[in-house]
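Quick note: the sequence shown uses our numbering, first residue 2, plus one each step.
Glycine residues also receive a C-beta, built at the ideal position from the N, C-alpha and C atoms.
Because the structure is a prediction, the values reported are computed rather than measured.
The structure under discussion appears below in the form of structure tokens.
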Amino acid sequence: MAALLAAISFGGLAAPAAAAPTAATAIAQKGSAIVPVSADERARYGVVVAALNDQRWAEAKTAILALDETDSMRAHLLAELYLAKGSPRVELFDLLDILAKAPTLPQAERLAALAKKRGAQLLPDLPATRQLMWTGTSPQRRILRAISGDTAADKLRGQLLQYIKDDKPADGESLLSIAEADLTIEGRTELRQRLAWSYYICGDIANARRLADMAAQGGSGAFLAPAQWVAGLAAWRQKQWNAAATAFYQAAVNSADADMRSGSYFWAARAVMADRRPERVNALLRAAARDEETFYGLLARETLGLGPSATLARGHVSAEEWAALSTRANVRNAVILASLGRSAEADEVLRHEAALSGDSHYTALVHLASDLSLPTTQLWLAQRSPSGRMSAAYARYPRPDWTPVNGWQVDRALVYAHALQESRFQTNARSQADARGVMQVRPGTGGELAADAGMSFSDDQLYDPSVSLALGQLYLKKLSRMRATGGLLPKVVAAYNAGPVPIEKWNVQVRDEGDPLLFIESVPYYETRAYLNAVLRNYWIYQMDEKGTSPALAAMAQGLWTRFPDSGQTVAVRMEPSGVVFGAQ
Numbered sequence: 002m003a004a005l006l007a008a009i010s011f012g013g014l015a016a017p018a019a020a021a022p023t024a025a026t027a028i029a030q031k032g033s034a035i036v037p038v039s040a041d042e043r044a045r046y047g048v049v050v051a052a053l054n055d056q057r058w059a060e061a062k063t064a065i066l067a068l069d070e071t072d073s074m075r076a077h078l079l080a081e082l083y084l085a086k087g088s089p090r091v092e093l094f095d096l097l098d099i100l101a102k103a104p105t106l107p108q109a110e111r112l113a114a115l116a117k118k119r120g121a122q123l124l125p126d127l128p129a130t131r132q133l134m135w136t137g138t139s140p141q142r143r144i145l146r147a148i149s150g151d152t153a154a155d156k157l158r159g160q161l162l163q164y165i166k167d168d169k170p171a172d173g174e175s176l177l178s179i180a181e182a183d184l185t186i187e188g189r190t191e192l193r194q195r196l197a198w199s200y201y202i203c204g205d206i207a208n209a210r211r212l213a214d215m216a217a218q219g220g221s222g223a224f225l226a227p228a229q230w231v232a233g234l235a236a237w238r239q240k241q242w243n244a245a246a247t248a249f250y251q252a253a254v255n256s257a258d259a260d261m262r263s264g265s266y267f268w269a270a271r272a273v274m275a276d277r278r279p280e281r282v283n284a285l286l287r288a289a290a291r292d293e294e295t296f297y298g299l300l301a302r303e304t305l306g307l308g309p310s311a312t313l314a315r316g317h318v319s320a321e322e323w324a325a326l327s328t329r330a331n332v333r334n335a336v337i338l339a340s341l342g343r344s345a346e347a348d349e350v351l352r353h354e355a356a357l358s359g360d361s362h363y364t365a366l367v368h369l370a371s372d373l374s375l376p377t378t379q380l381w382l383a384q385r386s387p388s389g390r391m392s393a394a395y396a397r398y399p400r401p402d403w404t405p406v407n408g409w410q411v412d413r414a415l416v417y418a419h420a421l422q423e424s425r426f427q428t429n430a431r432s433q434a435d436a437r438g439v440m441q442v443r444p445g446t447g448g449e450l451a452a453d454a455g456m457s458f459s460d461d462q463l464y465d466p467s468v469s470l471a472l473g474q475l476y477l478k479k480l481s482r483m484r485a486t487g488g489l490l491p492k493v494v495a496a497y498n499a500g501p502v503p504i505e506k507w508n509v510q511v512r513d514e515g516d517p518l519l520f521i522e523s524v525p526y527y528e529t530r531a532y533l534n535a536v537l538r539n540y541w542i543y544q545m546d547e548k549g550t551s552p553a554l555a556a557m558a559q560g561l562w563t564r565f566p567d568s569g570q571t572v573a574v575r576m577e578p579s580g581v582v583f584g585a586q
């Protein structure tokens, strides 16, 4: 409770270079029961992989056929040879032989299709696969979509949004007033909410509250809760605590968005505390804490002293799970492929195994993907399951054994928090803005950062996670040293998303009163507000995973600003409404 009072008072293919020194070491350090691949095995299979990569087909086939008939990798590597572009023609007998002996291969359907082209009339039966059901991602603040089915709103929206873009909400309201009678309730709620937010970010708090209240009164649809949220923020700035608490509570009740719901309950708790009604606080915090994987759900749990949720405890392959998994050919092959740095192939094999296994090995396969440092497959499994049940929350926060080429210079938890939000750890990610790799660095930025650090650089290196992580952490450090961010973590995170120039403007425009939460929720860009919520949430979860607790979360729960963790240590400061720092914690 003291913490809440304090907060209110002050307002593709993963490159082997990125892997740990050896898979065996990494597995042992995690406490996993996986039996790692021996050096002799890696050397034996490595010869085949190298020959396949170099298109030395005869040499590859000789090495494959030298493997024991009972070796599951024999069939996998033969399948790779048979399907490789430019490899020698494979005869029907060989295709039927491999399908009969290894029907669980992920390449089985492609091999069967090739066999049909060769004239096969009867094929060996392939085991049935089961499509995994989508279960969802970690909570994200939803992007509001325009109301559909309102012709009058559709006609107005374009011109209204231009007024909002030009920071002219009064002109937009004048336009709206002419056509309000023609709008549906949902359309009117939407357009009033948009204008209320425009008033808010322009600093016209009185009109923001007035129009947000109008939108909420008799309002309906997806924009009702956001309108009540704006009314709550405006009333908070006016220090009308009771009105703020009421508006936030209504937003929580009407929100289908877990992130907004938990945030509204948390801000309602702040408001009733400021209104000197402490008896109401705990119930509101408990309501916020129910969405325990959200930004505000974590803050609520911290404030209540509940500690990390049990669902965030990272699981590893147990001895019992390994006993069941180790007999599966695809599992053995995935372990070997991961040890060889063939992450893309290991991903394909494990996902196919999940479709074959159904519910029986689902949790064990999630643990396996985590222990093998296959982050994209870990996420893929975390978002899907055979029965539609949600995986444990930890699975949505991969922690691969990757190391930047320049070593870790920034808290690894913070770098991974960005990588998860930027690319979901997809090494081959590329945005429309040409940002690339797991940290989504643009070639121009990457070249500048590499030159400053004395690193060699080419654009394609951005797809190597060890390089992308290195450049991403260098950019974070660079942002932390800029005057715009002042070394304050929320502003550094915002700058990684929006660039440093908007931060300079927001330092003047936002008027956060020394309150980091008010800063976050008053950032004009919707995308950046959502990004801040997600990345800071990720950071806290990664910190808890590594340390058992999150000093950065504890600081935020006390209304403190966290400094950028350049040294790997969390340093928090309190700020006066004027922006003057007056004490390190």
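Under a 10 Å Cβ-count criterion, Y363 is classified as buried, with 16 or more other Cβ atoms of the shown protein chains found around its own Cβ.
The region 506 to 524 makes contact with the region 543 to 561, as at least three CB pairs between them are under 8 angstroms.
A contact between stretches requires three or more CB pairs, one per stretch, nearer than 8 angstroms, and the region 152 to 171 fails this requirement with the region 406 to 426. Taking 8 angstroms as the upper bound for CB-CB distance, R397 and D546 are not in contact here, some 12 angstroms apart. Membership of A573 in the beta strand (DSSP E) is indicated by the continuous run A573 to M576. Between A153 and D183, the gap from beta carbon to beta carbon is short of 7 angstroms.
Under the criterion of beta carbons closer than 8 angstroms, L480 and A496 qualify as touching, at roughly 5 angstroms. For A80 against L112, the beta-carbon gap comes to about 6 angstroms, under 8 angstroms, which counts as contact.
Contact check between the region 538 to 545 and the region 278 to 293: fewer than three CB pairs, one atom from each, fall below 8 angstroms, which does not count as touching.
Per DSSP, the beta bridge partners of T563 are A573.
Excluding the 5 residues flanking it on each side, E522 has same chain C-beta neighbours closer than 7 angstroms at L234 and R530, in chain order. With contact defined as three or more Cβ pairs closer than 8 angstroms, the region 265 to 284 and the region 231 to 251 are in contact. R271 sits in a helix when the DSSP states are folded into three classes.
Two segments are said to touch when three or more pairs of C-beta atoms, one from each, lie closer than 8 angstroms; by this definition the region 344 to 354 does not touch the region 308 to 320. About 12 angstroms separates the beta carbons of G473 and V493, which is beyond the 8 angstroms limit, so they are not a contact pair. Straight through space, the alpha carbons of V318 and D567 are spaced by roughly 34 angstroms.
Considering only T404, V231, Y250 and L533, the residue with the shortest C-alpha distance to S199 is V231. According to the DSSP assignment, G159 belongs to the alpha helix (DSSP H) that extends over T152 to K166. Rounded to the nearest angstrom, the Cβ distance from P376 to F458 is 24 angstroms, too far for a contact under 8 angstroms.
In this structure, DSSP gives W237 a helical state, which the three-state scheme calls helix. In this structure, A252 keeps its C-beta atom at 7 angstroms or more from the C-beta atom of A223. By the Cβ rule, the region 44 to 58 does not count as touching the region 347 to 366, because fewer than three pairs are nearer than 8 angstroms.
Bounds of the alpha helix (DSSP H) holding E322 are A320 to L326. Counting only the Cα atoms, D126 lies some 18 angstroms from Q132. G204 and T190 have their C-alpha atoms some 21 angstroms from each other. In chain order, R143 place their CB closer than 6 angstroms to the CB of D258, counting only its own chain and leaving out the 5 sequence neighbours on each side. Pairing G448 with W58, the inter-Cα distance amounts to about 38 angstroms.
Cα atoms of A420 and M440: separation of roughly 5 angstroms, rounded to the nearest angstrom. Here M545 is not bridged, per DSSP, to any residue. The alpha-carbon separation between K86 and Q56 amounts to approximately 9 angstroms.
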